[in-house]
Amino acid sequence: MSLVIVGTVAFDAIETPFGKTDKIVGGAATFAGLAASYLYRDVKLVSIIGDDFGKDDLSIITSKGINVDGVEIVKGGKSFFWSGKYHNDMNSRDTLVTELNVLADFDPKIPASYQNCEYLLLGNLTPKIQIDTLDRLDNKPKLVVLDTMNFWMDIALDDLKRVLKRVDVLTINDAEARQLSGEYSLVKAAEVILQLGPKYLIIKKGEHGALLFGEDQVFSAPALPLADVFDPTGAGDSFAGGFIGYLAKVKSINFTNMKNAVIYGSALASFCVERFGTEKLQVLTLADIKTRIGQFIALSKFDISE
């Protein structure tokens, strides 16, 4: 049984207070796939690229054993490209260039070898593409995780609500949770959003950690204080990949495992931001991840003596 990730494989050009890059490999599916590959062996991507995405670029993904049979290559086409500049606080950024290119005509193709997937991550794409993906699977996966953003809430809310009825986990940030629910309190926002369909909700709060809601319970995950944050691009996607990768690994879905998955997702995201693009995710070891998980545990563990 496999883990299928649907999302962008792309090029990014990034500028932060720590430096800037030319075109480098990025995209939601790339970050999520790399993060998940450290926890689960059978990771498969569905995406679209142009033939400007060379063998060396693709090898960043395939070198981790990720299956790319579902990545369509358009001859003569150009891959999706995004360029952004981050401000000094690293929490805000300006989009300088967005070129959809082949992504404008993305119509997800699900290879026969992907049809047995138990775990599905629907990356941040149009809700219609997310719906089409679900429709093209012969059976509903054991777990469906959905990522979305405020842009789709602005222009495709009806489609977004349709797909929310068909997923198990929704992951969004705090501003998006407030927009989707119409509630400022994140607890009240979660109550409204869970009524839309998902069984679990993850609200990401950046440098302030994440909240998990579900089964009438709440879990607050800390954020690991980092000395250097070079590039936040892909952190949310790395979180999602680590999250679903852990759940695929343990093969059991309950609130306890969801909590552990949030910590694993947070750990992978914390690695991602320490270098530009996918650089850090390319060179991790399982020992690195184990040590980082230990740091998260130590950060939030305490005893109270009466």
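Per my numbering, the sequence shown starts with residue 2, numbered consecutively. We put the CB at the ideal spot given by N, CA and C, even for glycine.
Q) Can you tell me where the alpha helix (DSSP H) with I298 in it begins and where it stops? A) Counted from its first residue, the sequence shown places residue 298 at position 297. Per DSSP, I298 belongs to the alpha helix (DSSP H) from L287 to S301.
Q) Counting Cβ pairs closer than 8 Å, one from the region 86-95 and one from the region 46-54, do we hit at least three? A) no
Q. Counting Cβ pairs, one atom from each stretch, are 3 or more of them under 8 Å apart for the region 23-36 and the region 224-243?
A. yes
Q. By Cβ distance below 6 Å, which residues in the same chain neighbour Q131 in space, the five residues on each side in sequence not counted?
A. On the sequence shown, residue 131 is found 130 positions in, with the first residue counted as 1. Only L123 and V164 meet the Cβ criterion.
Q.
Rounding to the nearest angstrom, what Cα-Cα distance links L171 and I204 in this structure?
A. Within the sequence shown, the letter at position 170 stands for residue 171. Within the sequence shown, the letter at position 203 stands for residue 204. Roughly 8 Å separates the two Cα atoms.
Q) Between W153 and E307, what straight-line distance do the alpha-carbon atoms span, to the nearest angstrom? A) As a first step, residue 153 is located in the sequence shown; it is residue number 152 there, counting from the start. As a first step, residue 307 is located in the sequence shown; it is residue number 306 there, counting from the start. Rounded to whole angstroms, W153 to E307 spans 50 Å at the Cα level.
Q: Pick out the complete beta strand (DSSP E) segments inside the region 99-151, 3 residues or longer, and give them in chain order.
A: 120-123 and 144-148
Q.
By the DSSP assignment, the beta strand (DSSP E) with E177 in it spans what residues?
A. Here residue 177 refers to the residue found at position 176 when the sequence shown is read from its first residue. No beta strand (DSSP E) holds E177; the alpha helix (DSSP H) holding it covers D175 to S182.
Q) Going by C-alpha distance, which of I50, P199 and K21 is nearest G77? A) Here residue 77 is taken as the residue at index 76 of the sequence shown, counted from 1. Comparing Cα-Cα distances from G77 to each of I50, P199 and K21, the minimum goes to I50.
Q: Ignore the nearest five residues each way along the sequence and tell me which others in V44's own chain have a CB closer than 6 Å to its CB.
A: As a first step, residue 44 is located in the sequence shown; it is residue number 43 there, counting from the start. Excluding positions up to five away in sequence, the list reads L4, G34, A37, S38 and I67.
Q. Would V47 pass as a contact of I111 if the rule is Cβ separation under 8 Å?
A. Along the sequence shown, one-based indexing puts residue 47 at 46. Along the sequence shown, one-based indexing puts residue 111 at 110. Yes, these two residues count as a Cβ contact at 8 Å.
**Q.** Rounded Cβ spacing between L144 and L248 (contact assumed at less than 8 Å)
**A.** Stepping through the sequence shown from its first residue, residue 144 is reached at position 143. Stepping through the sequence shown from its first residue, residue 248 is reached at position 247. About 6 Å; that satisfies the 8 Å criterion.
Q: Rounded to whole angstroms, what's the CA-CA distance from F214 to V188? Just pull it up for me.
A: Counting from one through the sequence shown, the residue named residue 214 turns up at place 213. Counting from one through the sequence shown, the residue named residue 188 turns up at place 187. Those two C-alpha atoms are separated by around 9 Å.
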